[in-house]
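Comments concern the structure below.
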Amino acid sequence: MGVSNKVMEALRAGILLNERVTTLIDKVNRMDQDIRHMNDKLIRLETLVEVAKMQQIQIEKPISPTPQAEKTSP
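With our numbering, you'll find the sequence shown wraps up at 104, consecutive numbering, no jumps.
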C-alpha cells in the first residue's frame, strides 16, 4: 500500500498543478487583453493630443493672404 499511496498522491499533485497552471494561463490571457485595450486607448489619446497641438499651432500662426490673392482682389 505504501507505493500505491505515493503514486496516487503524485497523480493528485499533478492534477492540482495542471489546474493551477490552467488558471494562470487564463489570467495571463485576460491581462494581455487588458494591456492591448489600454494600448489602444493610449494611441487614441496620443492622437488627440497631436491634433490639439496642431490646432493650437494653426491658431497661433495667423494665415496671411497669399500674394496671388492680393493681386486678384480689386
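Note that CB positions come from ideal geometry on N, CA and C, so glycine has one too.
- Per DSSP, reduced to three states, the secondary structure at residue 91 is coil, with no helix or strand assignment.
- Straight-line spacing of the CA atoms in residue 62 and residue 71 works out to 14 Å.
- In this structure, the CA atom of residue 86 is about 12 Å from the CA atom of residue 78.
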